[in-house]
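Notes for the one structure printed next.
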Amino acid sequence: MSEKNFYAVYGKGGSGKSFVISNLSNSAARIQKRVLQIGCDPKHDSTVILFNGVNLPTLLEYWAELQEESDEVDATPKIEDIVFKSRGVYGLEIGGPEVAIGCGGRGISLGFELLEKMGLYKWDFDYVFLDFLGDVVCGGFGVPISKSIAKSIILVAGNDHQSLYVANNICHAVSSFAQLGGKSRIMGMIINKDDGTGYAEQFCQRTEIPVLAKIPNNPEVAKLNAAFQLISDIAPYDQIFQDIVKQLPTRQGVLPKPMDFEQFSRIYRDVPQIKLDRVTQSELFTR
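Okay, here's the thing in structure tokens:
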């Protein structure tokens, strides 16, 4: 399987990233493409909509069980224990530690080490979508970028400040690793829950990344998502996702131009020049 088949999709939690990816996977399967969707989030809910609301057993859960039951130091799960199929899409969840126990980023790194042992890069798929939480900036969640596992990065964001802030962070990561020889590039942004305010489009113009598609902010879409129903089977959304899937193999990624915080803030407002009022040490102890 070519490294070009890997697409790491990043977005802020709650941006609708997993919903968008699941619809991309479904669209690719509808045109007879072999698709693997890998959830790379401790919540392990990337593929839930594809499996009618069912959370899949995770790679790290089975790995932990094997460590308890097996005498083998490097025991790895079997493929049939962690990879499942629905609607023509193959689904896999890496998983992670319980809340406040362990490191989610380290779990992701371990997950890819295990998948490599299981032959991930030799599996035969036309598209591999890696669903990554973008809020966390530690090295574990940046593995596809730092190790150039995914040459193609797709951003999912709305017009809100926080999701675009996350997108800007990912642009920084891609730009920084490119200076060290990294080969990951930004394919573009899918603007989700588009309310017409245009902030996401301004962001794309300033960072010089393309807009792949705009999914309108429609209450009906939110209802379908909550009911674990895909929209890529329904017009006009089916055409939106088909267009994205078909253009990915031929689209060239770009090196983004991330903004510093002041530049980023100007998308939403004019930033005034304010002189900071410095505090002396004595003030902290004097009433």
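Residue numbers 21 to 307, in this note's numbering, belong to the letters of the sequence shown in order. Ideal Cβ positions, reconstructed from N, Cα and C, are used throughout, including at glycine.
The ligand PLP heavy atom lying under 8 Å from the CB of residue i
{"i": "G34", "result": "Of the ligands one can find in the structure shown there are none, so the ligand PLP has no counterpart to examine."}
Per DSSP, the bridge partner or partners of residue i
{"i": "I58", "result": "L112, L150"}
{"i": "P236", "result": "D214"}
{"i": "G208", "result": "I174"}
{"i": "F71", "result": "F71 pairs with nothing; no bridge assigned."}
{"i": "G31", "result": "L153, V176"}
{"i": "S106", "result": "V109"}
{"i": "F26", "result": "V148"}
{"i": "T78", "result": "E113"}
{"i": "V231", "result": "M209"}
Cutoff 8 Å; reference residue i; Cβ partners in own chain excluding five residues on either side
{"i": "M209", "result": "I174, L175, V176, A177, A187, A220, F223, C224, I229, P230, V231, L232"}
{"i": "K218", "result": "The sequence shown places Gly at residue 218, not Lys. Cβ within range, chain order: N179."}
{"i": "Y257", "result": "N43, I235, V241, I251"}
{"i": "L70", "result": "S42, S45, N46, Q57, S106, R107, V109, G111, L250"}
{"i": "A246", "result": "none"}
{"i": "Y288", "result": "H181, Y219"}
{"i": "V74", "result": "V68"}
{"i": "L200", "result": "none"}
{"i": "E136", "result": "none"}
Check whether residue i and residue j have beta carbons under 9 Å apart
{"i": "A28", "j": "F104", "result": "no"}
{"i": "G59", "j": "E113", "result": "yes"}
{"i": "S66", "j": "V109", "result": "no"}
{"i": "L134", "j": "W83", "result": "yes"}
{"i": "I206", "j": "G162", "result": "no"}
{"i": "R50", "j": "Q262", "result": "yes"}
{"i": "H181", "j": "G115", "result": "no"}
{"i": "G308", "j": "L86", "result": "Outside the modelled stretch of the chain, which goes from 21 to 307, sits residue 308, for which no answer is possible."}
{"i": "I211", "j": "A193", "result": "no"}
{"i": "I254", "j": "L268", "result": "no"}
Supposed close pair residue i, residue j - CB separation, criterion 8 Å
{"i": "K26", "j": "A170", "result": "At residue 26 the sequence reads Phe, which differs from the Lys that was named. That belief holds up - the Cβ atoms of F26 and A170 are roughly 4 Å apart, short of 8 Å."}
{"i": "S172", "j": "L275", "result": "That pair is no contact at about 13 Å."}
{"i": "P77", "j": "I102", "result": "7 Å"}
{"i": "G131", "j": "S168", "result": "In fact, because the Cβ distance is near 17 Å, the residues do not count as touching under 8 Å."}
{"i": "F145", "j": "V55", "result": "6 Å"}
Chain-order list of residues whose beta-carbon lies under 6 Å from that of residue i (same chain, five-residue window excluded)
{"i": "S47", "result": "S252, F261, Q262, V265"}
{"i": "L296", "result": "none"}
{"i": "R271", "result": "M207"}
{"i": "L140", "result": "none"}
Own chain residues within Cβ distance below 7 Å of residue i, not counting five before or after
{"i": "G31", "result": "K37, G154, L175, V176, A177, S183, V186"}
{"i": "M138", "result": "T96, I99"}
{"i": "D215", "result": "N179, N237"}
{"i": "Y147", "result": "N25, Y27, A48, K53, V55"}
{"i": "C191", "result": "I206, T227, P276, P278"}
{"i": "N72", "result": "F248"}
{"i": "Y197", "result": "The identity of residue 197 in the sequence shown is Phe, whereas the question assumes Tyr. I165, S166, S204."}
{"i": "S35", "result": "V176, A177, G178, S183, N212"}
Short CB-CB distance (under 9 Å) between residue i and chain C
{"i": "T270", "result": "Looking for chain C here will not work: only one protein chain is present."}
Scan the segment 243-297 and note each continuous alpha helix (DSSP H) run of 4 residues or more that stays entirely inside, going in chain order. 257-267, 281-285
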